[in-house]
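Just so you know, the sequences run in chain order A and B. Going by the numbering used here, the residue at position 44 of the first sequence is 46; the numbering climbs one at a time, nothing skipped. Going by the numbering used here, the residue at position 21 of the second sequence is 54; the numbering climbs one at a time, nothing skipped. The structure under discussion appears below in the form of structure tokens.
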Amino acid sequence: DAGITQSPRHKVTETGTPVTLRCHQTENHRYMYWYRQDPGHGLRLIHYSYGVKDTDKGEVSDGYSVSRSKTEDFLLTLESATSSQTSVYFCAISQNRDSGDNEQFFGPGTRLTVL
Amino acid sequence: DAKTTQPTSMDCAEGRAANLPCNHSTISGNEYVYWYRQIHSQGPQYIIHGLKNNETNEMASLIITEDRKSSTLILPHATLRDTAVYYCIVMPNDYKLSFGAGTTVTVRA
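Take a look at the structure:
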């Protein structure tokens with residue numbers, strides 16, 4: 003299994019509070035991704051990173067920010083959590099980004115509940 | 034982006050081959066077909082991908098039709114641990130993955 007860990011694995015928080023999720027990899031892969039998975043919506047990309055300090059928005063980026071100060075760490079921050087951000091969050095990594103060489107390896111996920 | 038269509042669910046007997054179909058009739062010439070699966074409560078797992086030639090790895094085989102409008106993932110000897118949701122994806126050129134509903138595969142003893 004790819005060396006990807008996510009922390010915390012479970013979190014319950016209240017509306018309006020800031021939340022930071024961490025993704026840590028030991029594979030030295032250049033690309034890192036944050037997804038959320040919800041019933042009825044499948045898996046959707048929030049943000050991704052193509053290098054240290056290089057990030058870009060995905061499909062559902064509103065209300066989220068990211069930072070990547072080291073190759074191995076990619077942080078996802080909910081500035082002010084809302085109930086609509088209750089979800090399971092997955093981090094993924096890939097070595098390349100070409101269409102034919104973009105195997106993404108996923109972490110175990112973080113289950114976030116916003117009350 | 035090319036969309037895919039998969040059956041909602043299918044059953045398979047343990048030890049038998051599982052053949053999972055996927056339609057992707059709007060696929061472009063340079064778009065790859067990827068397969069992932071997700072076992073309950075775990076992160077998605079990459080299985081295999083291909084462009085137009087058939088591909089095989091230690092997990093599965095991927096058969097892509099000559100016109101590339103459909104493909105079949107084959108699990109040669111299904112085990113109970115292969116029970117999962119299987120996702121067929123056409124990798125968009127902007128490499129941003131999104132999964133639909135997939136096929137829920139139940140392997141029965």
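Cβ coordinates follow ideal geometry from the N, Cα and C atoms, glycine included. Just so you know, these numbers come straight off a predicted model, no measurement behind them.
Interface annotation for the stretch 79 to 103 of chain A against chain B: Phe92, Arg99, Ser101 and Gly102, criterion Cβ-Cβ distance under 7 Å. When rounded, the separation of the alpha-carbon atoms in Gln75/B and Thr112/A is 10 Å. Excluding five sequence positions before and after Thr38/B, the CB atoms of its chain that fall closer than 6 Å to its own CB belong to Asn56, given in chain order.
Its Cα nearest to that of Trp68/B, the residue Leu106/B stands out among Leu106/B, Thr41/B, Ala111/B and Thr98/B. Setting aside the 5 residues that flank it on each side, Lys102/B is surrounded in the same chain by Ser58, each with a C-beta closer than 6 Å to its C-beta; the list follows chain order. Following the DSSP letters along the chain, one finds Tyr79/B inside the beta strand (DSSP E) bounded by residues Gln78 to Gly83. Within the same chain, and ignoring the five residues on either side of Glu88/B in sequence, the residues whose Cβ sits closer than 6 Å to its Cβ are Ile81 and Leu95. Arg113/A is bridged by DSSP to His12/A and Val90/A. Within chain A, no C-beta atom comes nearer than 7 Å to that of Gly48/B; the closest sits roughly 25 Å away. A distance of 8 Å or more separates the beta carbons of Glu81/A and Ser69/A. Of the candidates Gly60/A, Ser89/A and Phe76/A, the residue whose Cα lies closest to the Cα of Asp127/B is Gly60/A. Note on Ser42/B: under 16 other CB atoms within 10 angstroms of its CB, so exposed under the neighbour-count rule. When DSSP states are grouped into helix, strand and coil, Ser94/B belongs to the strand group. In this structure, DSSP gives Arg114/B a helical state, which the three-state scheme calls helix.
Residue ranges of uninterrupted beta strand (DSSP E) with 3 or more members, entirely inside the stretch 34 to 105 of chain A and ordered along the chain, are 44 to 53, 56 to 59, 66 to 72, 75 to 80 and 89 to 96. Pairwise C-beta distances place the stretch 71 to 78 of chain A in contact with the stretch 35 to 55 of chain A, as three or more of them are shorter than 8 Å. Judged by DSSP secondary structure, Thr137/B falls within the beta strand (DSSP E) whose first and last residues are Thr136 to Arg141. If you draw a straight line from the Cα of Ser86/A to the Cα of Ala93/B, it comes to about 37 Å. Pro20/A has its alpha-carbon roughly 44 Å from the corresponding atom of Ser104/B.
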